[in-house]
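Engineer:
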Amino acid sequence: MKHWPLVAVLLLALFPLVAGEYFVNLASQVLIAVVFASSLNLLVGHGGMTSLGHASFLGISAYVSAWLGLKMGLGHAFTAPAALLVTTLVGMVFGWISLRATGLGFLMLTLALSQVVWGLAYRLVSVTNGDNGLSGLTRPQPFGWDLDASDNFYWFTLLVTCVAMFLMTRFIHSPFGASLRGTRDQPRRMNALGYNVWAIRWVTFVASSFFAGVAGLLYVYFNKYIHPTAMGVPVSAEALLSVIAGGAGTVYGPALGALLVVVLKNYASAYIERWNILLGLVFLFIVIFMPAGLTPALSAGVRWLRGKKQ
Amino acid sequence: MTAALEVIKLCKSFGGIAVTQDVSLCVEPGERRLIIGPNGAGKTTLFNQIAGEIGSDSGTVRVFGQDITRLPVRARAHVGVSRTYQVITLFPKDTLVHNVTLGILGVNRRRFEVFKALLPQGGIHEHALRVLDGVGLKDRAGTLAGELSYGEQRRAEIAIAMAQSPRLLLLDEPLAGLSQDERGIVRDLIAAIPRDTTIVMIEHDMDVALAFAERISVLHYGKLIVEGDREAVVAHPLTREVYLGV
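Taken in order, these protein sequences are the chains called A and B. Per our numbering, the first sequence starts with residue 322, numbered consecutively. Per our numbering, the second sequence starts with residue 1465, numbered consecutively.
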């Protein structure tokens, strides 16, 4: 039972052998959403800081990578770390601004900042190409590995997702992660115990923006195209939805939530034009019947079944 | 010898109401000091000024000779000041041992570790269990703090503060709301705290408080009106008038 994440990864790695290209590409999108939602979970679930502007980090990372490649002609070996660096630096500044407030004020600040970034992407046409977006991008070829093939791209994304999830899980389980949850539950006491509450929150904000940047890189590699809508409020909201629906503050809940959102989006949109209504209904159902989210509800269900067996 | 706690002409007003007026007191290392006074006398405000949660308008607070008047709250923990709260302030969704662990980590460099796991084993965990043993809650280590009985939560409050091995411990009504039996338990565990921790306590239970105190300071409307050793303060006419009511 202890090794089940490893087993899950192995099974996931076998997925392209049994599934067609459409499903492999869908799975890649799910993985990208998993990284993105999990990065937001650091902030929302473990830090108790609800952000509605997380998409700006995904977008900034994607745009920086695309712009450096297209306009500067730089290779992926340079653009990827540069994109992560810029995203993290922006995360430092945005965190510093947003953490002037807590709670609803924090949410409004993150929303406002992300709207500024989104507006820039639309209006700063000379850099971002405005509403046309940046197209004609390439996927990297690490060590000659051709990522243009769907299967290869899926495996690459799976690898990056595993590393990112591993790092985030370590972060959560570290003493720092423990103190982060302490500042979420009892900030006054944490302060009296000698913790720098503001700094803990800020470091988490920056780490969270870094991992959102990783998701942004995967996003731009997958689509080979970037448009301002990638950093719009709906993207932030979907990630927040994934976190809350899956179980904020759990390790794998946001991943489950992201799977749900992406699959619903792709399937439902084929049948119903207003798939947002369906997503809203599912979300309502989860919030009403499983207020802690899917994962806590599922594990409670498993415990209940086991108790019945004995 | 440097005093453990030295408060010099400390003042604090909220609007036009002076809550702390020129309070000066000096607590020797290892001393057990009791602060009493009627409701609204400014006892908790004085505590919050010493702990840093409320800033002071004027005056000085020194802990073992170090001026901490302008130090932020979190820095005072590192000087060796720990406190408990009158209103229980635990981490209710975490286990008791994790609550104590957070107390230990607050003054431990390991709190900066980002990638090393905080496993339920190793030195810090052992330390936390020893602290819990000290307050008689070792067998409750795995229970969620929010599921402990009220009396156990009162003891957990003290355990978190003691986990920091403080030089100066501020106890804000550690017996509030406890039954007679539980009072006895908490009294004994406070009595068992070694003398290298200086204790300042606010308490209304006179039976326990008087047995504990070596010296007593009486606050009334933000002013220190009587101070001295136990017998002198209890016998003082002002104490009897404003507090004991006899």
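Beta carbons are placed, not taken as given, at the ideal position from N, Cα and C, and that holds for glycine.
Just to confirm the assignment, what range does the alpha helix (DSSP H) spanning Q1550(B) have?
Structural biologist: Segment: none, Q1550(B) is in no alpha helix (DSSP H) and carries neither H nor E.
Engineer: At 7 Å on the CB atoms, spell out the chain B contacts of H632(A), in chain order.
Structural biologist: Since the first residue shown for chain A is 322 and the last is 631, residue 632(A) is missing from the structure and cannot be characterised.
Engineer: Looking only at C-alpha atoms, which of N544(A), A485(A) and V328(A) sits nearest to P461(A)?
Structural biologist: For P461(A), the nearest C-alpha among the options comes from N544(A).
Engineer: Could you give the distance in angstroms between the alpha-carbon of I435(A) and the alpha-carbon of D1660(B)?
Structural biologist: The amino acid occupying residue 435(A) in the given sequence is Ser; Ile does not appear at that position. Taking the straight line from one Cα to the other gives about 53 Å.
Engineer: Between which two residues does the beta strand (DSSP E) carrying L1474(B) extend?
Structural biologist: From DSSP, the beta strand (DSSP E) with L1474(B) extends over L1469 to F1478.
Engineer: Could you tell me the boundaries of the beta strand (DSSP E) in which R1631(B) lies?
Structural biologist: It is not in any beta strand (DSSP E) - R1631(B) carries neither H nor E in the DSSP assignment.
Engineer: List the DSSP bridge partners of H1684(B).
Structural biologist: Paired residues: K1687(B).
Engineer: For E1616(B), is the classification buried or exposed, using 16 other Cβ atoms within 10 angstroms of its Cβ as the cut-off for buried?
Structural biologist: So E1616(B) ends up on the buried side.
Engineer: Return the CA-CA distance between D1558(B) and G567(A), expressed in angstroms with no decimal places.
Structural biologist: Those two C-alpha atoms are separated by around 21 Å.
Engineer: Quick one: what does DSSP say Q1617(B) is sitting in, helix, strand or coil?
Structural biologist: DSSP places Q1617(B) in helix when its eight states are reduced to three.
Engineer: Who are the neighbours of A1541(B) on chain A, taking C-beta pairs under 9 Å?
Structural biologist: Within chain A, the residues near A1541(B) are N512, A513, L514, G515 and Y516.
Engineer: Could you give the DSSP three-state label for D1652(B): helix, strand or coil?
Structural biologist: Here D1652(B) sits in helix by DSSP.
Engineer: Looking at C-alpha atoms only, which residue of D1669(B), I1689(B) and S1629(B) is the closest neighbour of S1488(B)?
Structural biologist: S1488(B) has its Cα closest to that of I1689(B), out of D1669(B), I1689(B) and S1629(B).
Engineer: Report the start-end ranges of each alpha helix (DSSP H) in the segment 554-579 of chain A that is 4 residues or longer and not cut off at the edges.
Structural biologist: Correct list: 554-567.
Engineer: Using a beta-carbon distance below 8 Å, is L1596(B) in contact with chain A?
Structural biologist: Taking Cβ atoms only, chain A never reaches closer than 8 Å to L1596(B), which makes this a no.
Engineer: Pull up the DSSP beta-bridge partners for T1524(B), would you.
Structural biologist: BP columns for T1524(B) point to I1472(B).
Engineer: I need the boundaries of the alpha helix (DSSP H) containing S1488(B), first residue and last residue.
Structural biologist: Here S1488(B) belongs to no alpha helix (DSSP H); instead the beta strand (DSSP E) covers I1481 to V1491.
Engineer: Just to confirm the assignment, what range does the alpha helix (DSSP H) spanning L539(A) have?
Structural biologist: V518 to N544 is the extent of the alpha helix (DSSP H) around L539(A).
Engineer: Consult DSSP for I1532(B) and reduce its assignment to one of helix, strand or coil.
Structural biologist: DSSP places I1532(B) in coil when its eight states are reduced to three.
Engineer: What residues match up with D1713(B) in a beta bridge as DSSP calls it?
Structural biologist: Residue 1713(B) is absent from the structure shown; chain B starts at 1465 and stops at 1710.
Engineer: Could you tell me which residues DSSP pairs with V1664(B) in its beta bridges?
Structural biologist: Bridge partners of V1664(B): R1497(B) and L1634(B).
Engineer: Checking contacts by CB at 8 Å: is R595(A) closer than that to chain B?
Structural biologist: R595(A) does not count as touching chain B.
Engineer: Just grab the DSSP bridge partners of S456(A) for me.
Structural biologist: Its beta-bridge partners are Y546(A).
Engineer: Please list the partners that V1564(B) has in chain A, where partner means a Cβ-to-Cβ separation under 9 Å.
Structural biologist: Result: empty, since nearest Cβ-Cβ is about 11 Å, beyond 9 Å.
Engineer: Within its chain, find whatever has a CB closer than 8 Å to the CB of V583(A); leave out the 5 residues flanking it on each side and keep chain order.
Structural biologist: Closer than 8 Å at the Cβ level, and outside the excluded window around V583(A), lie L347, Q350, V351 and A354.
Engineer: With burial defined as no fewer than 16 other Cβ atoms inside 10 Å of the residue's Cβ, what is the status of M393(A): buried or exposed?
Structural biologist: Exposed, because fewer than 16 other Cβ atoms sit within 10 Å of the Cβ of M393(A).
Engineer: Judging by CA-CA distance, which residue of W466(A), V524(A), P555(A) and Y573(A) is the nearest neighbour of L373(A)?
Structural biologist: Per the Cα distances, P555(A).
Engineer: Quick one: is Q507(A) near chain E, going by C-beta distance under 8 Å?
Structural biologist: In summary, chain E is missing from the structure at hand, where the protein chains are A and B.
Engineer: DSSP state of T1565(B), grouped into three classes?
Structural biologist: Helix.
Engineer: Give me the chain A residues within the contact set of V1537(B), using Cβ-Cβ distance strictly less than 8 Å, ordered along the chain.
Structural biologist: Ordered by position in chain A, the residues that pass the 8 Å Cβ test against V1537(B) are N512 and A513.
Engineer: Is the Cβ of F532(A) closer than 8 Å to any Cβ of chain B?
Structural biologist: No - not a single Cβ of chain B is within 8 Å of the one on F532(A).
Engineer: Can you tell which of P1536(B), F1576(B) and V1551(B) has its C-alpha closest to the C-alpha of V1545(B)?
Structural biologist: Minimum Cα distance to V1545(B) is reached at P1536(B).
Engineer: With L1596(B) and L1560(B) assumed to form a contact (beta carbons below 8 Å), what rounded beta-carbon distance in angstroms separates them?
Structural biologist: At roughly 7 Å, the Cβ-Cβ gap stays under 8 Å, so L1596(B) and L1560(B) are in contact.
Engineer: Within 10 angstroms of the Cβ of W439(A), are there 16 or more other Cβ atoms? Answer buried if so, exposed if not.
Structural biologist: Result: buried.
Engineer: Around the Cβ of A533(A), are there at least 16 other Cβ atoms within 10 angstroms (buried) or fewer (exposed)?
Structural biologist: Buried, because 16 or more other Cβ atoms sit within 10 Å of the Cβ of A533(A).
Engineer: Show which residues of chain B have a CB atom less than 8 Å away from the CB atom of F497(A).
Structural biologist: Correct list: R1575, F1576, E1577 and V1578.
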